[in-house]
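Numbering (the working numbering) for the sequence shown: 549 to 826.
Don't be surprised by glycine CBs; every beta carbon is placed ideally from N, CA and C.
Here the structure is laid out as structure tokens; the discussion comes afterwards.
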Amino acid sequence: MTRTRVAAALVMAPVAIAAILLLDTPWMMVAAAAVFLAGLWEWFDLAEVEDSLAKWVLLIANLGLMVAIVWASRSREGGTLVLYEVGAIVGIVWWALALLWLGRYEFGSNHESWARAIKLAAGTLAVVPAWCALTWMHADGPNGHKWLLTSLAAIWAADTGAYFCGRRFGRHKLAPRVSPNKTWEGLVGGVVVGTLVALGFSLFAHVDPRDLPKVALVAAASILVSVIGDLFESLLKRHAGKKDSGTLIPGHGGALDRIDAVLAALPVFALGKALLGL
549 MTRTRVAAAL
559 VMAPVAIAAI
569 LLLDTPWMMV
579 AAAAVFLAGL
589 WEWFDLAEVE
599 DSLAKWVLLI
609 ANLGLMVAIV
619 WASRSREGGT
629 LVLYEVGAIV
639 GIVWWALALL
649 WLGRYEFGSN
659 HESWARAIKL
669 AAGTLAVVPA
679 WCALTWMHAD
689 GPNGHKWLLT
699 SLAAIWAADT
709 GAYFCGRRFG
719 RHKLAPRVSP
729 NKTWEGLVGG
739 VVVGTLVALG
749 FSLFAHVDPR
759 DLPKVALVAA
769 ASILVSVIGD
779 LFESLLKRHA
789 GKKDSGTLIP
799 GHGGALDRID
809 AVLAALPVFA
819 LGKALLGL
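Right, here's the structure in full:
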């Protein structure tokens, strides 16, 4: 499984990096929307929406929300990023609430319509704000695409660091009821590895070396919140009785399994970068 996982990553990573660095922001927005909406489709399955027509209606409604944000952000001067910034802040608020939800494992675990409705709303609050944050970073200045790559590289590295550190040193369970394989040692390893990678990539984004402590702070905060995204998807899978969100990616599961941490981390990185003037 590890070999398959690595092989798939070696294919996906260059494609993602090329898209981030080479695509103009409008095309990057389209590519990101396709990936995020693929993850949202799998979220519908975890929310136990079985009817295909209902899933298509929900997917189109979320796509419509993205299009509405794009349309409302246009102006004669070339457009504004305000709505994308607001979207990112909404995402941060949602993930704070998700952390509270993780502390109440049974909440929404039944199969009633109200639980399904809340999980569907959660899907929109996870996906659309992350897409807004991605757009905000990519479009923000001449080095925006490099900062987006920095944020994603930190999250990817943290995931890998947590996996291997957890396997080697893991002794203390992080959230045994939600995700039995995650450990505190893995979390610490992931934060350290991800932060170091963020520092390296930020130099590629032409950060002032005096601002490296700020980069470390933003990276560490976004990585910690990324764990909430990972754990929340694990919670949904346990409620639905599923091991993976899908089978789209060999060795990795579904699209949502690959972007769960990204959905939570991007709004934090985008807002932290803006607040600290990076």
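Selection from 692, 590 and 677 that minimises the alpha carbon distance to residue 617: As a working note, residue 617 is residue 69 in the sequence shown. The candidate whose alpha carbon is nearest that of residue 617 is 677.
Residue 698 versus residue 750: straight-line alpha-carbon distance, rounded: Taking the sequence shown and counting its residues from 1, one reaches residue 698 at position 150. Taking the sequence shown and counting its residues from 1, one reaches residue 750 at position 202. About 6 angstroms.
query: What span of residues does the alpha helix (DSSP H) with residue 610 cover, start to end?
result: In the sequence shown, residue 610 corresponds to position 62, counting from 1. Where residue 610 is concerned, the enclosing alpha helix (DSSP H) stretches over 600 to 620.
task: Report the rounded CA-to-CA distance for residue 567 versus residue 576, giving the unit in angstroms.
output: For the purposes of this step, residue 567 is identified with residue 19 of the sequence shown, where counting begins at 1. For the purposes of this step, residue 576 is identified with residue 28 of the sequence shown, where counting begins at 1. Answer to the nearest angstrom: the Cα atoms are 7 angstroms apart.
Neighbour-count burial assignment, residue 752, 16 or more Cβ in a 10 Å radius: What you label residue 752 is simply residue 204 of the sequence shown in a count that begins at 1. Exposed, by the Cβ-count rule.
message: If you reduce the DSSP assignment to three classes, tell me which class residue 813 lands in.
response: Within the sequence shown, the letter at position 265 stands for residue 813. The answer is helix: DSSP assigns residue 813 an H, G or I state.
field: Spatial distance of residue 777 from residue 675 (CA atoms)
entry: Working through the sequence shown from its first residue, we reach residue 777 at position 229. Working through the sequence shown from its first residue, we reach residue 675 at position 127. Their Cα atoms are separated by approximately 11 angstroms.
query: For the stretch 804 to 813 against the stretch 768 to 782, are there 3 or more C-beta pairs whose distance is under 8 angstroms?
result: yes
Residue 549 (DSSP reduced to helix, strand or coil): Here residue 549 is taken as the residue at index 1 of the sequence shown, counted from 1. Residue confidence for residue 549 is low, a pLDDT of 46 falling below 50, so the modelled location carries little weight and cannot support an answer.
message: Between which two residues does the alpha helix (DSSP H) holding residue 667 run?
response: On the sequence shown, residue 667 is found 119 positions in, with the first residue counted as 1. Looking at the DSSP string, the run of the alpha helix (DSSP H) that includes residue 667 is 661 to 687.
Residue 738 and residue 710 closer than 7 angstroms at C-beta: In the sequence shown, residue 738 corresponds to position 190, counting from 1. In the sequence shown, residue 710 corresponds to position 162, counting from 1. Contact: yes.
- prompt: What's the gap between the Cα of residue 549 and the Cα of residue 757?
  reply: Looking up residue 549 in the sequence shown gives position 1. Looking up residue 757 in the sequence shown gives position 209. Caution applies to residue 549, whose pLDDT of 46 falls short of 50 and renders its modelled position unreliable; the value that the coordinates give is listed next. C-alpha separation (whole angstroms): 40 angstroms.
field: Alpha carbon of residue 664 to alpha carbon of residue 808, nearest angstrom
entry: Counting from 1 along the sequence shown, the entry for residue 664 is found at position 116. Counting from 1 along the sequence shown, the entry for residue 808 is found at position 260. Roughly 19 angstroms between the two C-alpha positions.
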